[in-house]
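Residue numbers (this note's numbering): 1003 to 1179. Note that the Cβ used here is the ideal one computed from N, Cα and C, for glycine as well. The model shown is predicted, which means the values in this text are computed figures rather than measured ones.
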């Protein structure tokens, strides 16, 4: 996903303040569309209809051209100063490729760790759904699944667990039942 940037200086730019609401919406829509499509500010004329729900009329296009934000060509409009505020499509693609390479390298490292007996994720038993194994990869800190030995509370020793066969009857406070 690519994002269009609106520079903070536009908040006080008189040229921006003088734009009609429709021209502002069309201009920002054009920035978003061009970033998403990777056209470096080139907006085909047939695409203008996508930039405003009531379509883009000739007056709005003329307003953006006269204000210096767009340049008109036969088959497209060009957003002027694209490189000053937005990232070029070639730079976006370069970053995406770099991210793909980094992710592939991470997957290879994780696979090597798994082959060497160090799991990076817990193992799930397909029959029971139980999570097994040591997620940290350090088998020395695993207690082997045995009950803890030693004192449970001060002065009492843990002697294992026993089955509970009966429970005391509970009553609801302020109840007549």
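At the C-beta level, residue 1091 and residue 1040 come within 8 Å of one another.
The three-state reading of DSSP puts residue 1165 in coil, since its state is none of H, G, I, E or B. Taking the CA atoms as reference points, residue 1016 sits about 31 Å from residue 1094.
Non-local C-beta neighbours of residue 1057 in its own chain, meaning closer than 6 Å and more than five positions away in sequence, comprise 1051, ordered along the chain. Short of 8 Å from the beta carbon of residue 1049, and not among the five residues preceding or following it, lie these beta carbons of its own chain, in chain order: 1035. For residue 1081, the enclosing beta strand (DSSP E) has its first and last residue at 1078 to 1081.
1030 is the residue among 1076, 1103 and 1030 whose C-alpha sits nearest the C-alpha of residue 1088. Residue 1171 sits in coil when the DSSP states are folded into three classes, being neither helix nor strand.
In its chain, beyond the 5 residues on either side, 1046 and 1047 have a beta carbon closer than 7 Å to the beta carbon of residue 1077. Its chain contains no residue whose beta carbon lies nearer than 7 Å to that of residue 1111 once the 5 sequence neighbours on both sides are disregarded.
Note that the C-beta distance between residue 1080 and residue 1044 is below 8 Å.
Taken in chain order, the complete beta strand (DSSP E) segments of 3 or more residues contained in the stretch 1053 to 1113 are 1072 to 1074 and 1078 to 1081.
In the DSSP assignment, residue 1019 falls outside any beta strand (DSSP E) and within the unbroken alpha helix (DSSP H) covering 1016 to 1019.
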